[in-house]
Amino acid sequence: MKVFDLSFDHTFGLVLDEVTPSETACRKPGVYLYWLSPTGWAGWLFEAFADSEKEVRALGSFRQAGLTRYTQKESAEVLTIRTRHLKKWQAEAIATVFESVAVFVLVHDDQDVTHKIPVEVPTGSFPVWKDANRLGRLEGRITLPARRSQRA
């Protein structure tokens, strides 16, 4: 059985051992993030329920016959991801994803090759821990790379 290695090389290229198809059935569903933390590379499977929405922006438009016609639009998928029950030290370690400048989501294609996709984590303030709850959970938003469509 091969080991699933998530180490990065010096050029931020992902190095993964091959994963056999029989091992893929054991994967848990969720969103796996990998990021550069203050102490090195960190990763976490956000396995609680996630929400997905589409963010669309117009990049070019004109008015014709009283209507706005678009020449180019850009759309990106925005995910709200959540963790399950965390201890305080886990929540504090995972919360470093919010301050990271290099965050990737790991996805598997049909041939079970793992790809790293850079994602955007918005800035702002994020709840990390509440003493009233003995187990916490983190919630954050990530934006996947945008796609563009345009008129011919």
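So the number in our numbering is just where the residue sits in the sequence shown, counting from 1, plus 229. All residues carry an ideal CB built from backbone N, CA and C; glycine is no exception. Here the structure is a predicted model, which means the values were calculated and not measured.
Within its chain, find whatever has a CB closer than 8 Å to the CB of residue i; leave out the 5 residues flanking it on each side and keep chain order.
i: residue 301; result: 287, 288, 289, 377, 378, 379 and 380
i: residue 322; result: 266 and 271
What residues in its chain sit with their C-beta under 7 Å from that of residue i, if we drop five residues either side in the sequence?
i: residue 278; result: 311
i: residue 281; result: 306 and 308
Within a Cβ cutoff of 6 Å, which residues of the same chain sit near residue i, ignoring the five residues on either side of it in sequence?
i: residue 358; result: 317, 320 and 365
Pick helix, strand or coil for residue i, following the three-state DSSP scheme.
i: residue 276; result: coil
i: residue 325; result: helix
i: residue 340; result: coil
i: residue 358; result: coil
i: residue 230; result: Model confidence at residue 230 stands at a pLDDT of 39, short of 50, so the residue's coordinates are unreliable and nothing is read from them.
i: residue 257; result: coil
Determine whether the beta carbon atoms of residue i and residue j lie at a separation below 8 Å.
i: residue 329; j: residue 373; result: no
i: residue 333; j: residue 347; result: yes
Assuming residue i and residue j are in contact, meaning their beta carbons sit under 8 Å apart, how far apart are those beta carbons, in whole angstroms?
i: residue 315; j: residue 367; result: 7 Å
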